[in-house]
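Taking it in order: structure first as structure tokens, then the write-up.
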């Protein structure tokens, strides 16, 4: 299916839950309402026309100006060959975006739909603070229930890929960058 | 049945017959394998829940090599960021450069000269051979076969020399960059590469005798931790370890980038020749077969290599129009993906790198159940992770 057809099918099926569709350009995608995401994900995987069996990546994006965090799900649908041992093809690929409020970013985990999501979701929590409720590897601490961190240590404070992230002045007694000379701060 | 009373504890009785039987109750023990362990290929910690020699569960803990690669990408222009992509999967730096360059070129609408694209493909395929040689050598070494390592590094040295004469570096090349490649080929490169291919091609059957068909090696890898095709796709596996499970899926064929539609090659898949489809031996042999295909591709590329520029006209300060793209290419270890978002400034707003090893490693927890401790190096070696792109 073409990106237009995929977006149309989703709009017909889910109506209000498809907030926006951008099918022109290099990265065709739809924006799905956060509370309907799990339902849409199941449809994307199981519907005969969709068959998105492969979650390629979850990329988190911080939109500080809009006060939003975004999770971008890139999906593939494979086409097994008709005869055994033949070359597989690509049925289609598409992307879904979820927009969440920056101060309370919660969305349902889709690790039960695509197992690959488990680690991607943990990474998106670790680096951007998007909480995927129901991730199989969830821990509860003073930040509430959230997926376990994956790249940073479990006791790390903050989410490094947020645009307003300040590098800590110390971690476990190890001094970090201090003062004005912060090489990673964006100078514009 | 005879029972004895434990000294000082009259309510504890030990069944003497049971004590001497084979069905002893053992205690579960948590063991850390790594982060510093020779067969974890870098700094990876595997938490093993063991019962005697039996491993009940494996939980990978990653992040020891996290260097904020994505944050750095949000602070540098694309050309400045290319050297950082070298350090993702540092055994196939050319392929990493290529993916990032393709993503940026698609966003900025840069047309790459034909010769540059050919040079990119030559380097990418040469790097694939070099990378698979490391896999071959290290996998053998993990299982106690030292010789394979020495042979593979001898061959790899020729490729390193070719790279060095082209761009000066032996591991982190930054050769493929936005707009093309940094240098044209040095004198005699084509002849030297042909010479290498003629030398290397007959060596491959030698390795099969050395390792692939080695009885001990086969016994240690065949039927160990097989993955089904459905499992592989659900967990997002890609590259040789996906093809080992059966799917004939290769991005170079599925959605050809560069000029992969101009060359002929086959996509080897796992057939379960020594055991089950998708077992550790299948994951290993795919790489040996892929090296033959890369040799085939390289010969065709050398025959087709046109003259011309190697660099497009790219302004010094490249303005990136607002847009976004998710670009994936077939790296030696699987599909490396870059999600790049731009907002009109010369610096991308967001750079996300999805390393194939990241997904490939995540299945460890699923497939390593009720195995022996000695199987873990065999499984990890066949998955072949590079921690640089797992931790980024």
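Residue numbers (our numbering), protein chains in the order written: chain A, 1 to 188; chain B, 189 to 580. Note that beta-carbon positions come from the ideal geometry of N, C-alpha and C, so glycine has one too.
Task: Helix, strand or coil at residue 92 of chain A according to DSSP, with G and I counted as helix - done: Your numbering for residue 92 of chain A matches position 92 in the first chain. Annotated three-state conformation of residue 92 of chain A is strand, per DSSP.
Task: As assigned by DSSP and simplified to three states, the class of residue 188 of chain A - done: Mapped onto the first chain, residue 188 of chain A falls at position 188. Annotation note: pLDDT 43 at residue 188 of chain A (below 50); position unreliable, coordinate value reported separately. Three-state DSSP puts residue 188 of chain A in coil, outside helix and strand.
TODO: Just confirm the distance between the C-beta atoms of residue 73 of chain A and residue 96 of chain A, as a whole number of angstroms; I'd bet it's less than 8 angstroms.
DONE: On the first chain, residue 73 of chain A is found 73 positions in, with the first residue counted as 1. On the first chain, residue 96 of chain A is found 96 positions in, with the first residue counted as 1. About 5 angstroms separates the two Cβ atoms, so the contact holds.
Open item on the list: Would residue 113 of chain A and residue 45 of chain A qualify as a contact pair, given that the criterion is a beta-carbon distance under 7 angstroms?
Closed with: The residue given as residue 113 of chain A occupies position 113 in the first chain. The residue given as residue 45 of chain A occupies position 45 in the first chain. Cβ atoms of residue 113 of chain A and residue 45 of chain A: closer than 7 angstroms.
Open item on the list: Suppose you measure from the CA of residue 214 of chain B to the CA of residue 237 of chain B; what does that come to, to the nearest Å?
Closed with: As a first step, residue 214 of chain B is located in the second chain; it is residue number 26 there, counting from the start. As a first step, residue 237 of chain B is located in the second chain; it is residue number 49 there, counting from the start. Linking residue 214 of chain B to residue 237 of chain B through their CA atoms gives a straight-line distance of about 13 angstroms.
Open item on the list: Quick check: the Cα distance between residue 527 of chain B and residue 259 of chain B, rounded to an integer number of angstroms?
Closed with: Against the second chain, residue 527 of chain B aligns to sequence position 339. Against the second chain, residue 259 of chain B aligns to sequence position 71. Rounded to the nearest angstrom, the two C-alpha atoms are 13 angstroms apart.
TODO: Find the nearest neighbour of residue 435 of chain B within the set A:139, A:80 and A:137, judged by alpha-carbon distance.
DONE: Reading the second chain from its first residue, position 247 is the one you call residue 435 of chain B. Taking only the C-alpha atoms, the option nearest residue 435 of chain B is A:80.
Task: Distance, residue 505 of chain B Cα to residue 246 of chain B Cα - done: Position 58 of the second chain holds residue 246 of chain B. Position 317 of the second chain holds residue 505 of chain B. Distance between the alpha carbons of residue 246 of chain B and residue 505 of chain B is about 48 angstroms.
Open item on the list: Would residue 155 of chain A pass as an interface residue toward chain B - the criterion being a Cβ-Cβ separation below 7 angstroms?
Closed with: Start at 1 with the first residue of the first chain, and residue 155 of chain A comes out as number 155. With 7 angstroms as the cut-off, residue 155 of chain A does not count as an interface residue toward chain B.
Task: Contact between the stretch 396-414 of chain B and the stretch 565-574 of chain B (3+ Cβ pairs under 8 angstroms) - done: Yes: at least three Cβ pairs fall under 8 angstroms.
Task: Residue of A:167, A:90, A:76 and A:170 minimising C-alpha distance to residue 29 of chain A - done: Reading the first chain from its first residue, position 29 is the one you call residue 29 of chain A. Of the listed residues, the one whose Cα sits closest to residue 29 of chain A is A:76.
Open item on the list: Can you check which of these residues, B:318, B:446 and B:223, is closest to residue 385 of chain B by C-alpha distance?
Closed with: Numbered from its first residue, the second chain carries residue 385 of chain B at position 197. The option with the nearest alpha carbon to residue 385 of chain B is B:318.
TODO: For residue 335 of chain B, count neighbouring Cβ atoms within 10 angstroms of its own Cβ and tell me buried if that reaches 16, exposed if not.
DONE: The residue you call residue 335 of chain B lines up with position 147 of the second chain. It counts as exposed.
Open item on the list: Cβ closer than 7 angstroms: which chain B residues qualify as neighbours of residue 86 of chain A?
Closed with: Taking the first chain and counting its residues from 1, one reaches residue 86 of chain A at position 86. Result: 436.
- [ ] Within its chain, find whatever has a CB closer than 8 angstroms to the CB of residue 381 of chain B; leave out the 5 residues flanking it on each side and keep chain order.
- [x] As a position in the second chain, residue 381 of chain B is number 193, starting the count at 1. Here the set comprises 310, 314, 350, 486 and 490.
Open item on the list: Among B:249, B:229 and B:230, whose alpha-carbon lies nearest the alpha-carbon of residue 219 of chain B?
Closed with: Along the second chain, one-based indexing puts residue 219 of chain B at 31. Taking only the C-alpha atoms, the option nearest residue 219 of chain B is B:249.
Open item on the list: I want to see whether chain A comes within less than 7 angstroms of residue 343 of chain B, judged by CB atoms only; does it?
Closed with: Within the second chain, residue 343 of chain B is the residue found at index 155, counting from 1. Not a single CB atom of chain A sits nearer than 7 angstroms to the CB of residue 343 of chain B.
- [ ] Please go through the same chain and pick out, in chain order, the residues whose beta-carbon is closer than 7 angstroms to the beta-carbon of residue 469 of chain B, but skip the five residues on each side of it.
- [x] The residue you call residue 469 of chain B lines up with position 281 of the second chain. Cβ contact annotation for residue 469 of chain B (same chain, cutoff 7 angstroms, sequence separation greater than five): 406, 409, 410, 462 and 463, in chain order.
TODO: Please list the partners that residue 546 of chain B has in chain A, where partner means a Cβ-to-Cβ separation under 7 angstroms.
DONE: Start at 1 with the first residue of the second chain, and residue 546 of chain B comes out as number 358. Against chain A, the beta carbon of residue 546 of chain B has neighbours under 7 angstroms at 119, listed in chain order.
TODO: Examine the Cβ distances between the stretch 504-523 of chain B and the stretch 274-285 of chain B and report whether three or more of them are shorter than 8 angstroms.
DONE: A contact exists between the stretch 504-523 of chain B and the stretch 274-285 of chain B.
Task: chain B contact residues for residue 27 of chain A, given Cβ-Cβ distances below 8 angstroms - done: For this step, residue 27 of chain A is matched to residue 27 along the first chain. In chain order: 511, 512, 513 and 514.
Open item on the list: Can you list, in chain order, the residues of its chain with a C-beta nearer than 7 angstroms to that of residue 355 of chain B? Leave out the 5 residues immediately preceding and following it.
Closed with: Along the second chain, one-based indexing puts residue 355 of chain B at 167. Hits under 7 angstroms: 361, 363, 370 and 371.
Open item on the list: What does the Cβ neighbour count give for residue 2 of chain A, buried or exposed, with the cut at 16 atoms within 10 Å?
Closed with: Locating residue 2 of chain A in the first chain gives position 2, counting from the first residue. Under this definition residue 2 of chain A is an exposed residue.
TODO: Flag residue 192 of chain B as yes if its beta-carbon sits less than 7 angstroms from any beta-carbon of chain A, otherwise no.
DONE: Along the second chain, one-based indexing puts residue 192 of chain B at 4. A caution first: residue 192 of chain B carries a pLDDT of 49, below 50, which makes its placement in the model unreliable, though a value can still be read off. So, not an interface residue.
Open item on the list: Bridge partners for residue 288 of chain B per DSSP, in chain order?
Closed with: In the second chain, counting from the first residue as 1, residue 288 of chain B sits at position 100. Beta-bridge pairing links residue 288 of chain B to no other residue.
Open item on the list: With H, G and I counted as helix, E and B as strand and the rest as coil, what does DSSP make of residue 197 of chain B?
Closed with: Taking the second chain and counting its residues from 1, the one referred to as residue 197 of chain B is at position 9. Note on residue 197 of chain B: pLDDT 49, under 50, position unreliable in the model; the coordinate value appears next. The answer is strand: DSSP assigns residue 197 of chain B an E or B state.
- [ ] May I have the straight-line CA-CA distance separating residue 441 of chain B from residue 175 of chain A, to the nearest angstrom?
- [x] Residue 441 of chain B sits at position 253 when you count from the first residue of the second chain. Residue 175 of chain A sits at position 175 when you count from the first residue of the first chain. Rounded to the nearest angstrom, the two C-alpha atoms are 50 angstroms apart.
Open item on the list: Considering only their Cβ atoms, is the gap separating residue 109 of chain A from residue 134 of chain A smaller than 7 angstroms?
Closed with: Taking the first residue of the first chain as 1, we reach residue 134 of chain A at position 134. Taking the first residue of the first chain as 1, we reach residue 109 of chain A at position 109. Yes, they are a contact pair.
Task: Proximal residues of chain A, C-beta to C-beta of residue 452 of chain B below 7 angstroms - done: For the purposes of this step, residue 452 of chain B is identified with residue 264 of the second chain, where counting begins at 1. Scanning chain A for C-beta atoms nearer than 7 angstroms to the C-beta of residue 452 of chain B yields nothing, as the closest lies near 13 angstroms away.
Task: Backbone secondary structure at residue 221 of chain B - three-state DSSP - done: Here residue 221 of chain B refers to the residue found at position 33 when the second chain is read from its first residue. Of the three classes helix, strand and coil, the one that applies to residue 221 of chain B here is strand, per DSSP.
Task: Length of the line joining the Cα atoms of residue 157 of chain A and residue 229 of chain B - done: Looking up residue 157 of chain A in the first chain gives position 157. Looking up residue 229 of chain B in the second chain gives position 41. Approximately 29 angstroms between the Cα atoms of the pair.
Task: Contact set between residue 95 of chain A and chain B, taken where Cβ atoms lie within less than 7 angstroms - done: For the purposes of this step, residue 95 of chain A is taken as residue 95 along the first chain, with counting starting at 1. Close to residue 95 of chain A, with beta-carbon spacing below 7 angstroms, are these residues of chain B in chain order: 514.
- [ ] Name the two residues that bound the continuous alpha helix (DSSP H) containing residue 441 of chain B.
- [x] As a first step, residue 441 of chain B is located in the second chain; it is residue number 253 there, counting from the start. Note, residue 441 of chain B: alpha helix (DSSP H), 439-442.
Open item on the list: Please classify residue 358 of chain B as buried or exposed, where buried requires at least 16 other C-beta atoms within 10 Å of its C-beta.
Closed with: Taking the second chain and counting its residues from 1, the one referred to as residue 358 of chain B is at position 170. So residue 358 of chain B ends up on the exposed side.
Open item on the list: Between which residues of its own chain and residue 116 of chain A is the CB-CB distance below 7 angstroms, once the five residues before and five after are set aside?
Closed with: The residue labelled residue 116 of chain A in the question sits at position 116 within the first chain. Answer for residue 116 of chain A: 55, listed in chain order.
Open item on the list: If you reduce the DSSP assignment to three classes, tell me which class residue 30 of chain A lands in.
Closed with: Taking the first residue of the first chain as 1, we reach residue 30 of chain A at position 30. Of the three classes helix, strand and coil, the one that applies to residue 30 of chain A here is strand, per DSSP.
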